[in-house]
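Please read the structure below before turning to the comments.
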Amino acid sequence: MSSPSTRVEREVTVPNKQGLHARPVLRFVDLASKFDSSIRVCKRDTAVDGKSPMEMMLLEATQGTVLKIVAEGADCEKAVTELSRLVSDGFGEE
Amino acid sequence: MKMLDFVVRNAVIADLQATDRNGVIREMVFALANAGALTEADSEAVFRAVAERERQGSTGFGKGVAVPHVKHAKIPRMMAAIGRSAAGIDFAALDRAPVYTVVLLLSPPEKPDEHLQAMESIFRHLQRDNFRRFLKQAETTQAILELIEEADAMPAG
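The structure is reproduced here in structure tokens:
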């Protein structure tokens, strides 16, 4: 059988005024942890583990920051779709 | 920014008495009041604001640490209290594990950049495994302050 793609990446811009502060980070990590795929989040040349809240905090993504979400694994497509939607929706914040 | 620039030394509690999340937040806010950093009258409003924000979304980052924080008009300048619980507190943390170290950060609303730099400094320290482990074991205020001073002196990255 043909193997599905196991690596997907997508760029998203942080839209909310407060940026990627504590609570959005925790929401992101919470969602990321539900997937089996590994999740990397990159800002320019910094890449961190999307399942580690402390690393995510250190990204210091503010409003307008472009993040690249990279998922590798069987459910990478679904992971990138749901995670980039969470970011582009501004984490449900203003 | 160094953590000791904004940690109130007299609000570093090596042995938290409270055993639940709101109790711990209250104990730490009132430690800042007792240290003279907040007025008694404003403490109640600040406590309620932190507790409410925490109810909306836990700041329990996992690995035994929580960083409750709020920006509030009653806060005259940026300040932090540190609390350690030997027993562990249920903070509804991301990994559901008990929290042993709490860093409470309070900022005035008009200085968001300062707040961000302070959060960055806190997380730079907290992401070090050794820092978290030694902090969990620190039994006195002095020991906690020494750990922070050491971490502050380390190069970033």
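Chains U and P, in that order, are what the protein sequence lines are. First residue of the first sequence? That's 2 in our numbering, and the numbers climb one at a time after it. First residue of the second sequence? That's 943 in our numbering, and the numbers climb one at a time after it. For glycine and all other residues, C-beta sits at the position ideal for the given N, C-alpha and C.
Which stretch, first to last residue, makes up the beta strand (DSSP E) that contains residue i?
| i | result |
| --- | --- |
| P/Asn-952 | 949-955 |
| U/Asp-50 | 47-50 |
| U/Thr-14 | 8-14 |
| P/Ala-1022 | 1021-1031 |
| U/Ala-41 | A quick correction: the sequence has Arg, not Ala, at residue 41 of chain U. Run containing U/Arg-41: 39-44, per the beta strand (DSSP E) assignment. |
| P/Ser-1049 | 1041-1049 |
| U/Val-67 | 67-73 |
| P/Phe-1003 | 1002-1004 |
Per DSSP, which residues does residue i bridge with? Please list them.
| i | result |
| --- | --- |
| P/His-1014 | Partner(s): none; P/His-1014 has no beta bridge. |
| P/Ala-1008 | P/Gly-1002 and P/Val-1044 |
In terms of residues, what are the limits of the alpha helix (DSSP H) holding residue i?
| i | result |
| --- | --- |
| P/Met-945 | Looking at the DSSP string, P/Met-945 is not in any alpha helix (DSSP H), and its letter there is neither H nor E. |
| P/Gly-965 | 963-976 |
| U/Val-89 | Note on identity: in this sequence residue 89 of chain U is Ser, with Val being the wrong assignment. Residues 77-89. |
| U/Phe-29 | 23-33 |
| P/Asp-1071 | 1071-1079 |
| P/Pro-1054 | 1054-1068 |
| P/Glu-1091 | 1083-1095 |
| U/Glu-56 | 54-58 |
Which value, in whole angstroms, describes the spacing of the CA atoms of residue i and residue j?
| i | j | result |
| --- | --- | --- |
| P/Arg-963 | U/Ala-80 | 32 angstroms |
| P/His-1014 | U/Arg-8 | 43 angstroms |
| P/Arg-1070 | P/Gly-1006 | 12 angstroms |
| U/Ser-3 | U/Thr-82 | Since pLDDT at U/Ser-3 reaches only 46, below the 50 mark, its modelled position is unreliable, and the value read off the structure follows with that caveat. Spanning the two alpha carbons is a distance of roughly 22 angstroms. |
| P/Thr-961 | P/His-1011 | 19 angstroms |
| U/Leu-60 | P/Ile-1064 | 13 angstroms |
| P/Thr-1001 | P/Ala-975 | 22 angstroms |
| P/Gln-1079 | P/Ile-1031 | 15 angstroms |
| P/Gln-998 | U/Phe-36 | 24 angstroms |
| P/Glu-1052 | U/Ala-75 | 46 angstroms |
| U/Arg-45 | U/Leu-21 | 15 angstroms |
| U/Ala-72 | U/Glu-10 | 6 angstroms |
| U/Ser-85 | U/Gly-91 | 10 angstroms |
| U/Val-30 | P/Leu-1036 | 8 angstroms |
| P/Thr-1082 | U/Ile-70 | 42 angstroms |
| P/Asp-1094 | P/Leu-946 | 8 angstroms |
| U/Val-49 | P/Ala-983 | 42 angstroms |
| P/Pro-1097 | P/Leu-1068 | 14 angstroms |
| P/Gly-978 | P/Val-950 | 10 angstroms |
| U/Asp-56 | U/Ala-33 | Per the sequence presented here, residue 56 of chain U reads as Glu, with Asp not at that position. Those two C-alpha atoms are separated by around 13 angstroms. |
| P/Ser-985 | P/Glu-996 | 16 angstroms |
| P/Val-1044 | U/Gly-51 | 23 angstroms |
Taking the alpha-carbon of residue i as reference, which of the options has the nearest alpha-carbon?
| i | options | result |
| --- | --- | --- |
| U/Thr-47 | U/Ser-6, U/Ser-38 and U/Met-58 | U/Met-58 |
| U/Gln-19 | U/Arg-45, U/Val-49, U/Thr-63 and U/Asp-50 | U/Thr-63 |
| U/Arg-41 | U/Asp-90, U/Leu-87, U/Cys-77 and U/Ala-23 | U/Cys-77 |
| P/Ile-1090 | P/Pro-1097, P/Glu-1081, P/Thr-1082 and P/Phe-1073 | P/Phe-1073 |
| P/Val-992 | P/Thr-981, P/Gly-965 and P/Ala-979 | P/Gly-965 |
| P/Ala-973 | P/Asn-952, P/Gln-1084, P/Thr-1082 and P/His-1057 | P/Asn-952 |
| U/Ser-53 | P/Ala-977, P/Pro-1054 and P/Gly-1004 | P/Gly-1004 |
| P/Pro-1040 | P/Ser-1027, P/Ala-1060, P/Met-1096 and P/Ser-1049 | P/Ser-1027 |
| U/His-26 | P/Ala-1085, P/Glu-1092 and P/Met-1061 | Here residue 26 of chain U is Val; the residue named in the question, His, does not match the sequence. Considering only alpha carbons, the answer is P/Met-1061. |
| P/Asp-957 | P/Glu-1088, P/Leu-1077 and P/Asp-1094 | P/Leu-1077 |
| U/Val-67 | U/Ser-34, U/Ser-6 and U/Cys-43 | U/Cys-43 |
| P/Ala-1034 | P/Val-954, P/Met-1020 and P/Val-1009 | P/Val-1009 |
| P/Asp-1055 | P/Ala-1029, P/Gln-1084 and P/Met-1020 | P/Met-1020 |
| P/Leu-930 | P/Ala-1029, P/Arg-968, P/Ile-1086 and P/Pro-1018 | Nothing in the structure corresponds to residue 930 of chain P, since chain P is present only between 943 and 1099. |
| P/Lys-1016 | P/Val-954, P/Leu-1048 and P/Glu-1092 | P/Leu-1048 |
| P/Gly-1025 | P/Met-943, P/Ile-955 and P/Lys-944 | P/Ile-955 |
| P/Arg-1075 | P/Tyr-1042, P/Phe-948, P/Val-971 and P/Gln-1084 | P/Tyr-1042 |
Measuring from the CB of residue i, is there a heavy atom of the ligand HEM at a distance below 6 angstroms?
| i | result |
| --- | --- |
| P/Gln-1084 | As for the ligand HEM, it is missing from this structure, which has no ligand bound. |
Residues, ordered as in the chain, of the region 50-61 of chain U that lie near chain P by beta-carbon distance below 7 angstroms: Pro-54, Met-55, Glu-56, Met-58, Leu-59 and Glu-61
Name the residues in the region 1055-1077 of chain P whose C-beta lies less than 8 angstroms from a C-beta of chain U; which are they? Within the region 1055-1077 of chain P, contact with chain U at the beta-carbon level (separation under 8 angstroms) is assigned to Leu-1058, Met-1061, Glu-1062, Phe-1065, Arg-1066, Leu-1068 and Gln-1069.
May I ask you to list, following chain order, the residues of the region 1029-1056 of chain P that have a beta carbon less than 8 angstroms from some beta carbon of chain U? Among the residues of the region 1029-1056 of chain P, those with a Cβ less than 8 angstroms away from any Cβ of chain U are Leu-1036, in the order of the chain.
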